[in-house]
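A short worksheet on the structure shown next.
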Amino acid sequence: MDNNILHKPVLTREILDLIPKNAIILVDATCGTGGHSLAIVKNFQLSNTNFQLYCLDYDEKSLEKAKEVLEKFNNIEFICANFKNIKKILEGIPRIRSGRPSVDFILADLGFSSWQLANNRGLAFSKNQALDMRLDLKRKTTASDLVNHLDENELANLIYQNSDERFSRPIASAICRARPIFTTEKLTQIIQTAVGNHYRKKIHPATLTFQALRIAVNQEKENLDQFLRNAPECLAKNGILAIITFHSLEARAVRAQFKKWTKTKNYQILTKQPITPDLNEIRSNPRARSARLVALEKIA
13 MDNNILHKPV
23 LTREILDLIP
33 KNAIILVDAT
43 CGTGGHSLAI
53 VKNFQLSNTN
63 FQLYCLDYDE
73 KSLEKAKEVL
83 EKFNNIEFIC
93 ANFKNIKKIL
103 EGIPRIRSGR
113 PSVDFILADL
123 GFSSWQLANN
133 RGLAFSKNQA
143 LDMRLDLKRK
153 TTASDLVNHL
163 DENELANLIY
173 QNSDERFSRP
183 IASAICRARP
193 IFTTEKLTQI
203 IQTAVGNHYR
213 KKIHPATLTF
223 QALRIAVNQE
233 KENLDQFLRN
243 APECLAKNGI
253 LAIITFHSLE
263 ARAVRAQFKK
273 WTKTKNYQIL
283 TKQPITPDLN
293 EIRSNPRARS
303 ARLVALEKIA
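With our numbering, the residue at position 145 of the sequence shown is 157, and numbering never jumps.
Here it is as structure tokens:
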């Protein structure tokens with residue numbers, strides 16, 4: 013992996029295997045700091061110089077890093093935008109706007125990057141940072157706003173609905189009693205105290221609450237739902253939509269929408285079972301252990 017890459021992408025080999033060999037128009041809908049895009053462009057420049065890769069992300073700072081990683085390559089266009097608007101975005105590109113769907117491959121990696129974790133966004137409970145969690149810094153609502161201003165019932169529902177955290181009510185109660193809360197360290201301590209010795213999961217007790225807050229702050233459910241309703245329509249015949257999920261809520265949403273698309277008889281699911289990282293990848297990149305890759309093909 014190049015030294016410039018700030019995040020180690022997951023399931024790269026498996027993604028490259030999914031891309032149609034004669035693909036011309038490719039979209040990395042969640043470019044981040046450019047790890048997957050780099051693998052794609054390196055793979056394609058050897059055999060297909062006529063391809064065009066469009067790199068989308070709504071995190072301006074991540075996209076700037078991607079530009080640094082990919083600066084020596086041609087055939088790439090960067091677009092700072094939310095992937096939920098993929099259809100509108102692609103319709104605005106002259107090469108694609110031809111009156112018919114024409115994208116051969118779309119990738120969406122629903123995880124966030126190691127660089128974002130380290131970049132003072134308040135995403136990691138292992139670091140003491142301000143409770144922000146915004147991936148799009150133009151958004152107004154932060155995790156601190158939710159933690160300090162929602163009532164106990166609203167907060168408990170938010171945590172449960174965005175994570176299936178079974179201790180959502182004692183956690184919400186403890187948070188409300190301990191307000192104000194402005195740092196990840198304080199929130200983590202409150203959660204650990206609230207669940208005590210009852211937490212038997214392999215993950216840290218704060219994992220699911222942090223996930224729930226991040227999902228709410230960034231409207232991840234709504235963004236994904238809109239993306240899933242629009243992205244398949246952008247595909248050319250034999251085009252492929254590949255999505256990497258990292259938790260069960262994402263996986264359920266993707267599976268449900270894929271099934272809806274197959275009922276039209278114009279699409280088929282390529283992955284009967286999600287593709288998972290092998291042991292070597294998990295050893296070299298522990299964050300990959302939760303990754304699940306699924307793919308949908310347009311067949312008519």
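Every residue, glycine too, gets a C-beta built ideally from N, C-alpha and C. Predicted model, so just to flag it, every value in this text is computed and none were measured.
Q. Start and end of the beta strand (DSSP E) containing F90?
A. Run containing F90: 88-92, per the beta strand (DSSP E) assignment.
(Q) If contact is defined by three or more beta carbon pairs under 8 Å, each pair taking one atom from either stretch, is the segment 168-179 in contact with the segment 210-226? (A) Using a Cβ-Cβ distance cut-off of 8 Å, the segment 210-226 and the segment 168-179 are in contact, since at least three pairs of beta carbons, one from each stretch, lie closer than that value.
Q) Tell me, which residues are paired with D163 by DSSP? A) Residue pairing by DSSP places D163 in no beta bridge whatsoever.
Q: Report buried or exposed for D29, applying the criterion of at least 16 other Cβ atoms within 10 angstroms of its Cβ.
A: By the 10 Å Cβ count, D29 comes out exposed.
(Q) Which residue marks the beginning of the beta strand (DSSP E) containing D237, and which one marks its end? (A) Counting along the chain, no beta strand (DSSP E) covers D237; the unbroken alpha helix (DSSP H) around it starts and ends at 232-242.
Q: Count the other CB atoms, across all protein chains shown, that sit within 10 Å of the CB of L167; report buried if there are 16 or more and exposed otherwise.
A: It is buried - the Cβ of L167 has at least 16 other Cβ atoms within 10 Å.
Q: Take S260 as the anchor and find which of P286, N278, L65 has the nearest alpha-carbon.
A: Minimum Cα-Cα distance from S260 among the listed residues P286, N278, L65 corresponds to P286.
(Q) By the three-class DSSP mapping on this structure, what secondary structure does L170 have? (A) L170 falls in the helix class under three-state DSSP.
(Q) Quick check for students: name the residue ranges of the beta strand (DSSP E) that lie wholly in the segment 42-120, counting only runs of 3 or more. (A) Taking only runs of at least 3 residues, the beta strand (DSSP E) segments lying wholly in the segment 42-120 are 64-69, 88-92.
Q: Going by DSSP, name the residue or residues bridged to R341.
A: The structure shown does not extend to residue 341, since the chain is modelled only from 13 to 312, so the question has no answer here.
(Q) So for K310, helix, strand or coil by DSSP? (A) Strand, per DSSP.
Q | E262, buried or exposed, once every other Cβ within 10 Å from all chains shown has been counted against 16 | A | Per the 10 Å Cβ criterion, buried.
Q. In three-state terms, what does DSSP make of V39?
A. Here V39 sits in strand by DSSP.
Q) Can you tell me whether Q57 is buried or exposed, with buried defined as 16 or more other CB within 10 angstroms of its CB? A) The residue is exposed, with fewer than 16 neighbouring Cβ atoms inside 10 Å.
Q) Buried or exposed: where does E80 fall if 16 or more other Cβ atoms within 10 Å of its Cβ makes it buried? A) With fewer than 16 other Cβ atoms within 10 Å, it is exposed.
**Q.** Run of the beta strand (DSSP E) containing I281, from where it starts to where it stops
**A.** Bounds of the beta strand (DSSP E) holding I281 are 279-281.
Q | Beta-carbon proximity of L240 to Q280, cut-off 8 Å | A | No; because the gap between Cβ atoms is not below 8 Å, this pair is not in contact.
**Q.** Reference E197, options A206, Q141, N160, K213, closest by Cα
**A.** Among A206, Q141, N160, K213, the Cα nearest to that of E197 belongs to Q141.
Q: Rounded to whole angstroms, what's the CA-CA distance from I311 to G251? Just pull it up for me.
A: Each residue's Cα considered, the two are about 8 Å apart.
(Q) By the three-class DSSP mapping on this structure, what secondary structure does M13 have? (A) Its pLDDT being 39, under 50, M13 is placed unreliably in this model, and the value from its coordinates should be taken loosely. DSSP, read as helix, strand or coil, puts M13 in coil.
**Q.** Beta-carbon proximity of A78 to G44, cut-off 8 Å
**A.** Taking 8 Å as the Cβ cut-off, A78 and G44 qualify as a contacting pair.
(Q) What residue range does the alpha helix (DSSP H) around V207 cover? (A) Run containing V207: 196-207, per the alpha helix (DSSP H) assignment.
(Q) Going by DSSP in three states, K33 sits in which element: helix, strand or coil? (A) For K33, the secondary structure class from DSSP, reduced to helix, strand or coil, is coil.
Q: Keeping to the same chain, check which residues put their C-beta closer than 8 Å to that of I17; ignore five residues upstream and five downstream.
A: Caution is warranted here: a pLDDT of 44 is assigned to I17, below 50, making its placement in the model unreliable, and no coordinate value can be reported.
**Q.** Status (buried if at least 16 other CB within 10 Å, exposed otherwise) for D157
**A.** It counts as exposed.
Q | Residues near I255 in its chain [Cβ-Cβ closer than 6 Å; skip 5 each side] | A | Cβ within range, chain order: A120, V266, V306.
Q) Going by C-alpha distance, which of Q231, I187, D163, I27 is nearest Q204? A) The residue among Q231, I187, D163, I27 with its C-alpha nearest the C-alpha of Q204 is I187.
Q. If you draw a straight line from the alpha carbon of H210 to that of R189, how long is it in whole angstroms?
A. Going from the Cα of H210 to the Cα of R189 covers about 20 Å.
Q.
DSSP three-state label for K271, please.
A. In the structure shown, K271 sits in a helix (DSSP, three-state: H, G or I).
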